[in-house]
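Chemist: The structure under discussion is supplied below as structure tokens; questions concerning it will follow.
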Amino acid sequence: GRFAHVLAPDGVHPEEALPVVFALHGCWQFRTERDMACCAAMYREMANQAHAVVIVPWAKDHTWDFVMTQGHASGDTAFFTWCLEETRLLHRIDEGRVAI
207 GRFAHVLAPD
217 GVHPEEALPV
227 VFALHGCWQF
237 RTERDMACCA
247 AMYREMANQA
257 HAVVIVPWAK
267 DHTWDFVMTQ
277 GHASGDTAFF
287 TWCLEETRLL
297 HRIDEGRVAI
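Under the working numbering, think of the first position of the sequence shown as 207, with each following residue one higher.
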């Protein structure tokens, strides 16, 4: 399956629209669930400092399909879209401030 960590800053008012930053990992062939959790935890401070939601998605394989296929595959980009849609259910998003 696919999954992503969604990290919001502490103390956010429910009506506050937050910017979103996607943090993509590089090629990581032999990662474990523990590795991924530790990596995502490093972005918690970034979420607080930037006062932004940080989405840390994980590639299905060791790297992103659009990298492996030189831009021809779209499974990962569809997953990014899904991550953003799910995040909108949890947090109010500043739609003009979404970065990958």
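No residue lacks a Cβ here, since even glycine has one placed at the ideal position from N, Cα and C.
Drop a sphere of 10 angstroms on the beta-carbon of Asp282, count the other beta-carbons inside from all chains shown, and report buried for 16 or more, exposed for fewer.
Modeler: For the purposes of this step, residue 282 is taken as the residue at position 76 of the sequence shown. It counts as buried.
Chemist: Please report the residue range of the alpha helix (DSSP H) in which Ala305 lies.
Modeler: Taking the sequence shown and counting its residues from 1, one reaches residue 305 at position 99. Looking at the DSSP string, Ala305 is not in any alpha helix (DSSP H); the run it does join, the beta strand (DSSP E), is Ile299 to Ala305.
Chemist: Is the separation between the beta-carbon of Cys245 and that of His231 shorter than 8 Å?
Modeler: Here residue 245 is taken as the residue at index 39 of the sequence shown, counted from 1. Here residue 231 is taken as the residue at index 25 of the sequence shown, counted from 1. Going by C-beta atoms, Cys245 is nearer than 8 Å to His231.
Chemist: Between the beta-carbon of His211 and the beta-carbon of Val262, is there less than 8 Å?
Modeler: The count along the sequence shown starts at 1 and reaches residue 211 at position 5. The count along the sequence shown starts at 1 and reaches residue 262 at position 56. Yes, they are a contact pair.
Chemist: Over the uninterrupted alpha helix (DSSP H) stretch that includes Val185, give me the two end residues.
Modeler: Nothing can be reported for residue 185: it is not among the residues displayed for the chain, which extend from 207 to 306.
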